[in-house]
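**Q**
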Amino acid sequence: MKILLPLAVLGSLLATSALAETYEVQMLNKHPENAKQRMVFVPNFLQVELGDTVTFKSVDKGHNSQSIKGMIPEGGDVWKGKMNQDVSVTFTIEGLYGYKCLPHFGMGMVGMVQVGDDTSNLEAVKAKKAPPKSKAVFNAIYEQIEAE
């Protein structure tokens, strides 16, 4: 019996890892479908499951991806990608994660990942201050979250 419990735990971890998916978010100078939208993450909103990985792909130079303090769930995964480099994040805590491109935060280059169904940190995320263009992008994302 002592051996069965650790084997069951190991088996469930392996099964979860095997089912985990990887998503890609591109860091771009302009939106591929609307050239008027500059300095963007595409897509800027993703819904993923616990254990999934998101890779922020440095397609155009001059960008990074990093989590925004106060816009992640308590105990959530924090990241700060280097300029012009891809960064991958595997999410281990459910909730909403706001992120930005540091040099283009004022231009509205932000996005959000929803991990699982837990949106209990939505009010805290909404309360976080952001530059006007970024706030407008986040407001559009909040509408998507609340519509579901």
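Per this note's numbering, the very first residue in the sequence shown carries number 637; after that it's consecutive.
The C-beta atom is built at its ideal place from N, Cα and C for all residues, glycine as well.
Source: prediction; values computed, not measured.
1) For Val-676, which of Gln-780, Tyr-778, Phe-774 has the nearest alpha-carbon?
2) With distances taken Cα to Cα, identify the nearest neighbour of Ser-703 among Asp-713, Ser-694, Asp-696, Lys-697.
3) Sorted by chain position, which residues of the same chain lie with C-beta nearer than 6 angstroms to Ala-651's C-beta, five sequence neighbours on each side aside?
4) Distance, Cα to Cα, Gly-752 vs Phe-727?
5) With a threshold of 16 other CB atoms inside 10 Å of the CB of Ser-648, please say whether the residue is buried or exposed.
6) Can you give me the Cβ contacts of Met-719 inside the same chain, cut-off strictly under 6 angstroms, excluding the 5 residues immediately before and after it?
7) Using a Cβ-Cβ cut-off of 7 angstroms (strictly less than) and excluding sequence neighbours within five positions of Val-761, which residues of its own chain qualify?
8) Apart from the five residues on each side of it in sequence, which residues of its chain come closer than 7 angstroms, Cβ to Cβ, to Leu-738?
9) Check Gly-734 in the structure and name its three-state DSSP category.
10) In the DSSP assignment, find the unbroken alpha helix (DSSP H) run with Phe-774 in it and report its ends.
11) To the nearest angstrom, report how far apart Phe-794 and Gln-721 are at their CA atoms.
12) In terms of residue numbering, what span does the beta strand (DSSP E) encompassing Val-803 cover?
13) Under the DSSP definition of a beta bridge, which residues are partnered with Lys-666?
14) Going along the chain, which residues of its own chain have a beta-carbon closer than 6 angstroms to the beta-carbon of Lys-736, five neighbours each way excluded?
**A** So, to answer that:
1) Phe-774
2) Asp-713
3) Here the model assigns Ala-651 a pLDDT of 47, short of 50, so the residue's position is not dependable, and the following value carries that caveat. Excluding positions up to five away in sequence, the list is empty.
4) 10 angstroms
5) A caution first: Ser-648 carries a pLDDT of 47, below 50, which makes its placement in the model unreliable, though a value can still be read off. It counts as exposed.
6) Asn-700
7) Met-707, Leu-732, Gly-734
8) Asn-700, Gln-702
9) strand
10) 768-783
11) Since the first and last residues shown for the chain are 637 and 784, residue 794 lies out of range.
12) The requested residue 803 is not part of the displayed model; the chain covers only 637 to 784.
13) Arg-674
14) Ile-704, Val-746
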